[in-house]
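A short write-up of the structure that comes next.
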């Protein structure tokens with residue numbers, strides 16, 4: 052009983068887009084505003100507290116570990132693009148290979164995050180300790196929730212339940228991967244800004 | 062896909078439907094119930110203000126804390142659970158695909174999700190009324206910190222969680238509407254041939270998409286402050302109280318344009334149809350709407366003139382606020398000017414749409430002193446503000462909603478609502494609305510503050526205007542009585558048989574696609590038997606040398 | 009996109025990856041530069057730390073959005089949507105900066121009150137001896 056919605060797979064001539072691509076970019080526009088609000092609040096809170104840097108020094112943020120995390124996420128981004136390219140080249144097994152690496156990288160990212168968080172908790176630093184930690188945990192936490200969401204979606208496409216659409220509607224499946232890729236690159240983009248703002252600057 | 066008729070289960074067809082028409086009806090019914098509930102809360106408050114203000118606490122109908130709770134929940138329910146779901150969720154979902162010629166919204170399953178997330182959000186908010194011995198949220202619909210962070214009980218926390226659901230629902234819905242308008246227009250339906258209603262919905266959806274996330278951030282911060290002991294808004298620990306207000310009003314100002322733009326869209330459609338001539342200045346209206354959308358993001362701090370943010374910031378926002386009145390005036394003036402030389406039909410939807418114009422005019426004009434920082438010093442947080450915004454939303458948007466319901470009822474059900482009952486509903490509501498809100502300007506000008514449970518009886522400057530409280534409250538109760546005519550009319554028309562005279566699928570003789578190319582109600586699957594093509598603009602009425610006084614968009 | 013076209017893109021994607029990794033290392037290295045020792049530079053050291061750090065982040069962001077998210081050959085609809093979002097983002101980010109920049113201490117008219125107990129000085133109403141006994145509530 053599904054109605055045939057036009058331009059679900061093929062692109063509409065005057066906009067040059069298929070529906071879900073416009074949809075995901077609109078969603079990303081709202082996410083830009085969400086993380087933008089977090090950054091804006093970070094600026095206000097940081098410039099309003101003269102003792103901010105004391106707490107930053109006390110926090111002993113693990114920069115090398117976070118740098119590794121950044122590298123891991125960038126790797127997952129390029130392997131995601133490669134998985135989409137594999138589908139364009141009609142190679143399902145290569146798609147599964149690259150998507151698998153993407154998933155592995157995302158899990159590694161979360162594991163490293165887990166170690167970072169537990170190190171803070173063991174040192175007695177909680178979000179309630181000082182606004183620096185509140186901002187740190189909220190920003191990285193919300194980012195982490197977006198990573199988990201991405202993992203769920205990507206895992207669905209990596210497993211047979213997701214990629215069985217390749218056999219019946221390969222173009223539609225490729226579009227789905229492209230759209231999921233846009234989301235994933237956005238998550239990487241956010242981290243590219245979060246990492247220097249919280250750890251380096 | 063096989064085309065044989067499936068017997069859909071009751072659940073698939075009526076509860077978890079992915080048909081935009083049924084989802085629109087779900088939104089409409091749910092939001093009407095919320096509007097009624099919010100109205101009842103307000104009547105309790107108005108009873109208190111008229112009769113209980115100086116009888117001593119033991120004789121009060123409600124405690125002052127409960128009065129605050131009713132006030133906060135009245136605002137929240139009316140704005141977030143009532144008006145926006147109605148104008149965007151109900152009218153938007155039902156009409157946007159039909160007016161662009163689409164078989165459904167771009168993402169039907171997402172549409173269903175957006176309704177159910179809204180429903181859950183509403184349930185969470187209402188749940189705060191049922192926690193034993195605890196109040197619902199009572200820190201104003203604005204939930205300013207530090208009052209909201211420190212308020213006791215789970216009410217405020219439930220409010221915040223409910224808001225997160227409602228914001229999610231908005232985001233899903235607005236994405237859907239934008240993609241539908243961009244991607245699913247039928248051939249020939251170029252941007253400047255779109256009905257103004259569609260332009261209004263498009264800009265509204267962009268406002269919802271881009272403005273809501275900062276409130277989501279503010280809600281998350283406040284939730285963490287309440288639940289996890291963080292100090293985002295705690296000045297003693299390096300936080301900032303004003304940060305909340307900036308984030309809140311960054312959404313809440315575009316939010317008020319979300320409340321009014323779809324209403325302007327509905328009014329434009331009803332007026333164009335009932336003057337039997339094209340709208341004057343369609344292009345100006347479209348450009349003004351887009352301009353209004355952009356400007357609505359840079360005026361928010363006119364709600365914060367009295368926070369001590371400094372003269373530079375105040376001047377900037379005052380200037381942008383004055384500028385933003387220009388596009389709104391252009392739109393309103395175009396609608397007024399359209400009436401000149403028209404053959405006006407005074408049916409019930411047209412009466413509501415016509416009355417919208419001066420009512421919104423009063424609301425808009427009374428906003429000007431509020432937008433000037435110096436005058437706002439006297440008027441901020443007084444009843445003048447309440448009068449101003451209620452004029453725009455109550456005899457403004459809600460009248461537009463009534464106009465829309467009476468106008469599109471024949472398309473949705475195939476039956477036209479009763480004119481006599483409709484006119485009684487209109488005249489009664491019109492008089493009562495003015496009876497409630499006009500005196501508020503007088504009260505506000507004396508300096509009478511808002512949100513006081515005792516109505517200000519112990520303030521010397523309020524003494525001369527206190528008598529108005531009883532007049533306003535009686536008007537409110539009468540307003541409720543007149544709504545009964547509407548409610549009766551609504552249900553009676555739904556459940557009665559269809560008359561033979563109601564076989565016309567285009568009783569108003571309109572030109573837009575939803576009227577000319579669909580049955581009443583439209584087909585369950587895909588809306589259209591044949592995908593239409595569009596050949597002209599949306600308001601070709603009284604075209605020279607044409608036999609009929611209207612020329613549909615899709616007729617060759 | 010044709011087969012041949014895609015294959016040439018693969019090289020581009022991996023090059024972008026290496027560039028992103030290099031910029032990551034660079035941004036970490038730069039964060040250790042002691043700008044406060046370079047007094048010959050105009051503007052404060054904080055300005056330089058922020059400027060360099062955020063510029064590198066912007067370059068990395070540009071690479072991700074332009075190449076991985078294929079903004080390089082995307083339709084204008086997407087561009088305009090993004091421009092709108094970026095406009096709103098700048099307004100949102102501009103707000104804290106203008107807030108901090110327009111604080112009370114920058115308003116000369118308030119300078120005279122800084123450090124005083126009262127911002128407004130009252131003038132006591134004239135007392136007549138006959139009012140004296142009205143003062144007892």
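Chains as they are written, first to last, in my numbering: chain Y, 52 to 252; chain H, 62 to 617; chain X, 9 to 145. C-beta atoms are modelled at their ideal positions from N, C-alpha and C, and glycine is treated no differently. Given the structure is predicted, the values throughout are model-derived calculations rather than measurements.
Note to self: Considering Cα atoms alone, identify which of 148(H), 214(H) and 253(H) is closest to residue 269(H).
What the structure shows: Against the second chain, residue 269(H) aligns to sequence position 208. The shortest Cα separation from residue 269(H) among 148(H), 214(H) and 253(H) belongs to 148(H).
Margin query: Any beta carbon of chain X sitting closer than 8 angstroms to that of residue 194(Y)?
Written below: Here residue 194(Y) refers to the residue found at position 143 when the first chain is read from its first residue. It does not: the Cβ of residue 194(Y) has no partner Cβ on chain X nearer than 8 angstroms.
Next item on the list: Report the residue from 451(H), 75(H) and 195(H) whose alpha carbon sits nearest the alpha carbon of residue 421(H).
Entry: Along the second chain, one-based indexing puts residue 421(H) at 360. It is 451(H).
Notebook entry, point to check: What separation, rounded to the nearest whole angstrom, lies between the Cα atoms of residue 128(H) and residue 370(H)?
Noted result: Taking the second chain and counting its residues from 1, one reaches residue 128(H) at position 67. Taking the second chain and counting its residues from 1, one reaches residue 370(H) at position 309. The alpha-carbon atoms of residue 128(H) and residue 370(H) are separated by roughly 30 angstroms.
Notebook entry, point to check: Residues of chain X with CB under 7 angstroms from residue 224(Y), in chain order?
Noted result: For the purposes of this step, residue 224(Y) is taken as the residue at position 173 of the first chain. What residue 224(Y) touches in chain X: nothing, since even the nearest Cβ is about 16 angstroms away.
Checklist line | Continuous alpha helix (DSSP H) assignments of at least 4 residues falling wholly in the segment 389-443 of chain H | finding: If we require 4 residues or more, the alpha helix (DSSP H) runs fully inside the segment 389-443 of chain H come out as 409-432 and 434-440.
Checklist line | CA nearest to the CA of residue 191(H), picked from 275(H), 215(H) and 170(H) | finding: The residue labelled residue 191(H) in the question sits at position 130 within the second chain. If we check each option's Cα against that of residue 191(H), 215(H) comes out closest.
Item checked: Under 7 angstroms (Cβ pairs) to chain X, residues found in the segment 155-184 of chain H -> With the criterion set as a beta carbon lying under 7 angstroms from some beta carbon of chain X, the segment 155-184 of chain H has no members that meet it.
Note to self: Could you pull the DSSP bridge partners for residue 602(H) from this structure?
What the structure shows: Taking the first residue of the second chain as 1, we reach residue 602(H) at position 541. Per DSSP, the beta bridge partners of residue 602(H) are 611(H).
Note to self: Just checking: is the beta-carbon of residue 106(X) within a distance shorter than 8 angstroms of some beta-carbon in chain Y?
What the structure shows: In the third chain, residue 106(X) corresponds to position 98, counting from 1. Not an interface residue.
Check: Of all the CB atoms in chain H, is at least one closer than 8 angstroms to the CB of residue 99(X)?
Finding: Mapped onto the third chain, residue 99(X) falls at position 91. The beta carbon of residue 99(X) falls within 8 angstroms of a beta carbon belonging to chain H, placing the residue at that interface.
Checklist line | Chain-order list of residues whose beta-carbon lies under 7 angstroms from that of residue 125(Y) (same chain, five-residue window excluded) | finding: The residue labelled residue 125(Y) in the question sits at position 74 within the first chain. The answer, listed in chain order, is 239.
Item checked: Residues in the segment 275-286 of chain H having any Cβ partner in chain X nearer than 7 angstroms -> The segment 275-286 of chain H vs chain X, Cβ under 7 angstroms: 275.
Check: Are the segment 448-463 of chain H and the segment 413-427 of chain H touching by the rule of at least three beta carbon pairs closer than 8 angstroms?
Finding: These segments touch.
Checklist line | Min CB distance residue 58(Y) to chain H below 8 angstroms | finding: Within the first chain, the letter at position 7 stands for residue 58(Y). True, the Cβ-Cβ gap to chain H drops below 8 angstroms.
Next item on the list: Quick one: grab the DSSP three-state call for residue 197(H).
Entry: Residue 197(H) sits at position 136 when you count from the first residue of the second chain. In the structure shown, the three-state DSSP call for residue 197(H) is strand.
Check: At least one CB of chain H closer than 8 angstroms to the CB of residue 103(X): is that the case?
Finding: Locating residue 103(X) in the third chain gives position 95, counting from the first residue. At a cut-off of 8 angstroms between C-beta atoms, residue 103(X) counts as an interface residue with respect to chain H.
Next item on the list: Check the Cβ of residue 540(H) against every Cβ in chain Y and list those closer than 8 angstroms, keeping chain order.
Entry: Locating residue 540(H) in the second chain gives position 479, counting from the first residue. Residues of chain Y with a Cβ closer than 8 angstroms to the Cβ of residue 540(H) do not exist; the shortest Cβ-Cβ separation is about 37 angstroms.
Note to self: With a threshold of 8 angstroms, are at least 3 pairs of Cβ atoms found where one atom belongs to the segment 191-211 of chain H and the other to the segment 273-293 of chain H?
What the structure shows: The answer is yes - the segment 273-293 of chain H touches the segment 191-211 of chain H, with three or more Cβ pairs under 8 angstroms.
Next item on the list: Please report how far the alpha carbon of residue 453(H) lies from the alpha carbon of residue 395(H), in whole angstroms.
Entry: The residue given as residue 453(H) occupies position 392 in the second chain. The residue given as residue 395(H) occupies position 334 in the second chain. Distance between residue 453(H) and residue 395(H), taken at the CA atoms: about 18 angstroms.
Check: Taking the alpha-carbon positions, what's the residue 480(H) to residue 408(H) distance?
Finding: Walking along the second chain from the start, residue 480(H) turns up at place 419. Walking along the second chain from the start, residue 408(H) turns up at place 347. In a straight line, the C-alpha of residue 480(H) is about 7 angstroms away from that of residue 408(H).
Next item on the list: With 9 angstroms as the C-beta to C-beta threshold (strictly closer), list the residues of the segment 79-110 of chain H near chain Y in chain order.
Entry: For the segment 79-110 of chain H, which is checked against every Cβ of chain Y, the residues closer than 9 angstroms are 79 and 80.
Notebook entry, point to check: What three-state label does DSSP hand residue 59(Y) in the structure shown?
Noted result: Within the first chain, residue 59(Y) is the residue found at index 8, counting from 1. Per DSSP, reduced to three states, the secondary structure at residue 59(Y) is coil, with no helix or strand assignment.
Notebook entry, point to check: What three-state label does DSSP hand residue 510(H) in the structure shown?
Noted result: Taking the first residue of the second chain as position 1, residue 510(H) is located at position 449. DSSP places residue 510(H) within a strand segment (E or B) once states are collapsed to three.
Checklist line | Simplified DSSP state of residue 527(H), which is helix, strand or coil | finding: The count along the second chain starts at 1 and reaches residue 527(H) at position 466. Residue 527(H) sits in coil when the DSSP states are folded into three classes, being neither helix nor strand.
Notebook entry, point to check: Do you know offhand how far residue 154(H)'s Cα is from residue 154(Y)'s?
Noted result: One-based indexing of the second chain puts residue 154(H) at position 93. One-based indexing of the first chain puts residue 154(Y) at position 103. Residue 154(H) and residue 154(Y): Cα-Cα distance of roughly 37 angstroms.
Next item on the list: Could you tell me if residue 66(X) is buried or exposed, where buried requires 16 or more neighbouring beta carbons within 10 angstroms of its beta carbon?
Entry: Residue numbering aside, residue 66(X) sits at position 58 when the third chain is read from its first letter. Result: exposed.
Checklist line | Where residue 96(X) meets chain B, residues with beta-carbon distance less than 8 angstroms | finding: Absent here is chain B; the protein component of the structure consists of chains Y, H and X.
Notebook entry, point to check: Do you know whose CA, among 387(H), 566(H) and 339(H), lies nearest residue 405(H)'s CA?
Noted result: Position 344 of the second chain, counted from the start, is the residue given in the question as residue 405(H). The shortest Cα separation from residue 405(H) among 387(H), 566(H) and 339(H) belongs to 339(H).
Notebook entry, point to check: Are three or more beta carbon pairs between the segment 226-245 of chain Y and the segment 73-83 of chain Y nearer than 8 angstroms?
Noted result: Result yes; three or more Cβ-Cβ pairs closer than 8 angstroms.
Next item on the list: Report the three-state DSSP secondary structure of residue 588(H) (helix, strand or coil).
Entry: Locating residue 588(H) in the second chain gives position 527, where the first residue counts as 1. In the structure shown, residue 588(H) sits in a strand (DSSP, three-state: E or B).
Checklist line | Unbroken alpha helix (DSSP H) run spanning residue 258(H), endpoints | finding: Position 197 of the second chain, counted from the start, is the residue given in the question as residue 258(H). For residue 258(H), the enclosing alpha helix (DSSP H) starts and ends at 257-288.
Margin query: Quick check: what's the CA-CA separation for residue 94(H) versus residue 143(H)?
Written below: By one-based count along the second chain, residue 94(H) stands at place 33. By one-based count along the second chain, residue 143(H) stands at place 82. Pairing residue 94(H) with residue 143(H), the inter-Cα distance amounts to about 8 angstroms.
Margin query: According to DSSP, simplified to helix, strand and coil, what is residue 456(H)?
Written below: One-based indexing of the second chain puts residue 456(H) at position 395. Residue state, collapsed to three classes: helix.
Notebook entry, point to check: residue 345(H) lies in the alpha helix (DSSP H); which residues open and close that run?
Noted result: Locating residue 345(H) in the second chain gives position 284, where the first residue counts as 1. Residues 343-356.
Next item on the list: From the DSSP output, read off the bridge partner residues of residue 216(H).
Entry: Reading the second chain from its first residue, position 155 is the one you call residue 216(H). Under DSSP, residue 216(H) shares a beta bridge with 197(H).
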